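0 is the number of the first residue of the sequence shown in numbering that gives the first Met the number 0; add one for each residue after it. Here's the structure, in structure tokens; my notes come after.
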Amino acid sequence: MMTLPDFAIDSAEKNLHDILTQSIMLTPCLSALVVWDGQCDLAVALTRAYRRCLPDASFIDFDSVTAKTVLAAFEQLSPGDLVVLIQSTSFRLDAFRLRVELFKRGLKVIEHPHLSRMPGEQALLYIDSLAYDPAYFRGTGNALKARIDSATTGIIDSGGEQLIFTAGFEPAKLNVGDYREMHNVGGQFPIGEVFTESKDLEAVNGRVRIAIFGDTSFTVNKPAQPVTLIVCKGRVTDALDSTPEFDRVLASIRRDEGEIWLRELGFGLNKTFTLDNTVSDIGTFERMCGVHLSLGAKHGSYNKPNIRKAAAKYHVDVFASTETVTLDNEVIYREGGWLV
């Protein structure tokens with residue numbers, strides 16, 4: 000296991016301090032518990048940085064104690080206190096769904112999962128992606144939400160191919176580190192996303208070029224050339240210039256759901272990640288500055304009459320090679336940046 004350089008720990012300390020003070024708004028009167036493991040260099044680095052930021056916090060090495068010990072530590076916390084989860088993979092505590100149960104207790108949560116998927120240089124990118132600029136994230140995020148919520152049409156232009164939305168959009172949801180009006184405080188970091196979907200799933204048609212997709216191992220997969228999806232009435236009907244792994248993704252969805260719905264329309268804000276600057280973990284890379292979509296019927300944020308929740312199994316993130324995004328007659332994205 001490689002030890003990350005001191006400058007990386009310094010950078011992590013600054014970024015985490017900003018998250019704790021400006022996003023989570025942790026105050027000295029609140030307690031903090033950090034549950035960590037030492038199975039990868041990024042997890043060790045983040046733990047070191049949190050020790051600097053939270054000198055009075057309790058730290059528990061997940062691998063050196065029993066589940067009962069961890070649960071007992073949660074019991075000692077009061078609503079408003081903070082739990083930080085630093086996970087090389089994903090902590091399992093029997094039927095205890097960590098973040099959900101912690102939120103139910105009124106606890107603030109910062110989650111860093113699947114860190115072992117991002118070794119070496121990727122770990123440095125991950126640390127950079129934790130930088131919190133509230134003016135950018137909140138300003139751009141709220142401006143995008145305002146445009147989305149009022150728009151009646153949208154066009155994703157991915158190099159000559161156009162994916163067209165003609166029925167308006169569901170009220171957009173924000174993941175910009177601003178929890179002041181929200182019931183739950185915290186979530187998975189890094190942050191930076193505004194997402195929605197078409198009000199009418201069948202009112203989405205056209206083509207979109209996919210530069211990156213999440214494969215069957217939840218890993219970022221970048222084919223040699225983009226795959227062009229053909230979308231008819233909100234369903235993917237064909238994939239041109241596909242790859243064997245992308246075909247496996249599509250085949251799995253068709254096998255279990257019968258057809259391939261296109262649901263989420265996500266506008267990523269995190270400028271650390273681009274189509275050229277990637278990390279392997281798809282859940283982290285989802286914040287990439289640009290456009291992502293989801294394949295499959297599963298999208299828990301919105302209910303649709305077309306979708307029976309019990310049968311919805313897949314939510315596969317795919318990332319468009321986007322030239323422009325237009326809402327109504329306004330271009331809101333061009334040349335890798337948001338124009339709002």
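In this text, a Cβ means the ideal position worked out from N, Cα and C, and glycines have one as well. The structure displayed is predicted, hence computed values, not measured ones.
Option nearest residue i by Cα separation, candidates the options
{"i": "P78", "options": "R137, V64, K103", "result": "K103"}
{"i": "T273", "options": "G265, E263, E285", "result": "E285"}
{"i": "L92", "options": "V226, V64, I154", "result": "V64"}
{"i": "V193", "options": "K303, A72, C288", "result": "C288"}
{"i": "S251", "options": "I147, A130, Y313, V69", "result": "Y313"}
{"i": "A56", "options": "D80, G158, T68", "result": "D80"}
{"i": "A171", "options": "S87, E256, L249, Y301", "result": "Y301"}
{"i": "N220", "options": "T195, G159, F318", "result": "F318"}
{"i": "F266", "options": "E160, L143, M181", "result": "L143"}
{"i": "G119", "options": "D148, S241, V83, P4", "result": "P4"}
{"i": "D275", "options": "G205, N14, A210", "result": "A210"}
{"i": "G282", "options": "T88, F217, L249", "result": "F217"}
{"i": "G37", "options": "I163, L84, N14", "result": "L84"}
{"i": "E12", "options": "L129, I154, R96, T2", "result": "L129"}
{"i": "N269", "options": "T215, F136, V324", "result": "F136"}
{"i": "S157", "options": "W337, L338, R333, V339", "result": "R333"}
{"i": "N174", "options": "G138, I163, F164", "result": "G138"}
Bridge-paired residues (DSSP) for residue i
{"i": "R333", "result": "T323, G336"}
{"i": "Q187", "result": "E110"}
{"i": "C231", "result": "R234"}
{"i": "L292", "result": "L264, V317"}
{"i": "V207", "result": "L228"}
{"i": "M287", "result": "N269"}
{"i": "V33", "result": "F58, V83"}
{"i": "Q161", "result": "D156"}
{"i": "T218", "result": "D280"}
{"i": "S197", "result": "F168"}
{"i": "G213", "result": "V219"}
{"i": "E180", "result": "Answer by DSSP bridge pairing: none, since E180 is not bridged."}
{"i": "L239", "result": "T227"}
Residue-level contact to chain B via CB, residue i, 8 Å cutoff
{"i": "A122", "result": "The chain inventory of the structure shown lacks chain B, comprising one protein chain alone."}
Proximity below 8 Å, CB of residue i to CB of residue j
{"i": "F212", "j": "F245", "result": "yes"}
{"i": "L294", "j": "L261", "result": "yes"}
{"i": "R247", "j": "T227", "result": "no"}
{"i": "T321", "j": "V278", "result": "no"}
{"i": "C39", "j": "L114", "result": "yes"}
{"i": "G233", "j": "E201", "result": "yes"}
{"i": "F58", "j": "R50", "result": "yes"}
{"i": "Q86", "j": "P112", "result": "yes"}
{"i": "D280", "j": "R116", "result": "yes"}
{"i": "L41", "j": "Y125", "result": "yes"}
{"i": "A72", "j": "L32", "result": "yes"}
Inter-residue spacing [alpha-carbon to alpha-carbon] between residue i and residue j
{"i": "L25", "j": "A223", "result": "45 Å"}
{"i": "P225", "j": "G105", "result": "44 Å"}
{"i": "P133", "j": "D17", "result": "9 Å"}
{"i": "D327", "j": "C231", "result": "21 Å"}
{"i": "I331", "j": "L264", "result": "14 Å"}
{"i": "G140", "j": "C28", "result": "30 Å"}
{"i": "E100", "j": "D177", "result": "21 Å"}
{"i": "Q121", "j": "F6", "result": "15 Å"}
{"i": "N305", "j": "T151", "result": "20 Å"}
{"i": "Q342", "j": "Y131", "result": "Nothing can be reported for residue 342: it is not among the residues displayed for the chain, which extend from 0 to 339."}
{"i": "A310", "j": "G205", "result": "26 Å"}
{"i": "E180", "j": "T215", "result": "36 Å"}
{"i": "T323", "j": "D127", "result": "26 Å"}
{"i": "N14", "j": "R253", "result": "42 Å"}
{"i": "V315", "j": "L292", "result": "8 Å"}
{"i": "L19", "j": "I190", "result": "13 Å"}
{"i": "L338", "j": "T68", "result": "49 Å"}
Own chain residues within Cβ distance below 6 Å of residue i, not counting five before or after
{"i": "T236", "result": "I229"}
{"i": "I147", "result": "F168, A171, T195"}
{"i": "G336", "result": "none"}
Close beta carbons around residue i, own chain, < 7 Å, minus the five adjacent residues each side
{"i": "I8", "result": "A44, R47, A48"}
{"i": "K198", "result": "A166, G167, F168, E169"}
{"i": "I23", "result": "L81, K107, I109, V184, G185"}
{"i": "W35", "result": "A42, T46, F58, D60, F61, I85"}
{"i": "T88", "result": "H113, S115"}
Check: residue i C-beta below 7 Å from any heavy atom of the ligand SAH
{"i": "G105", "result": "The model depicted lacks the ligand SAH and carries no ligand whatsoever."}
Same chain, Cβ closer than 8 Å to residue i, five either side skipped, listed in chain order
{"i": "E329", "result": "R146"}
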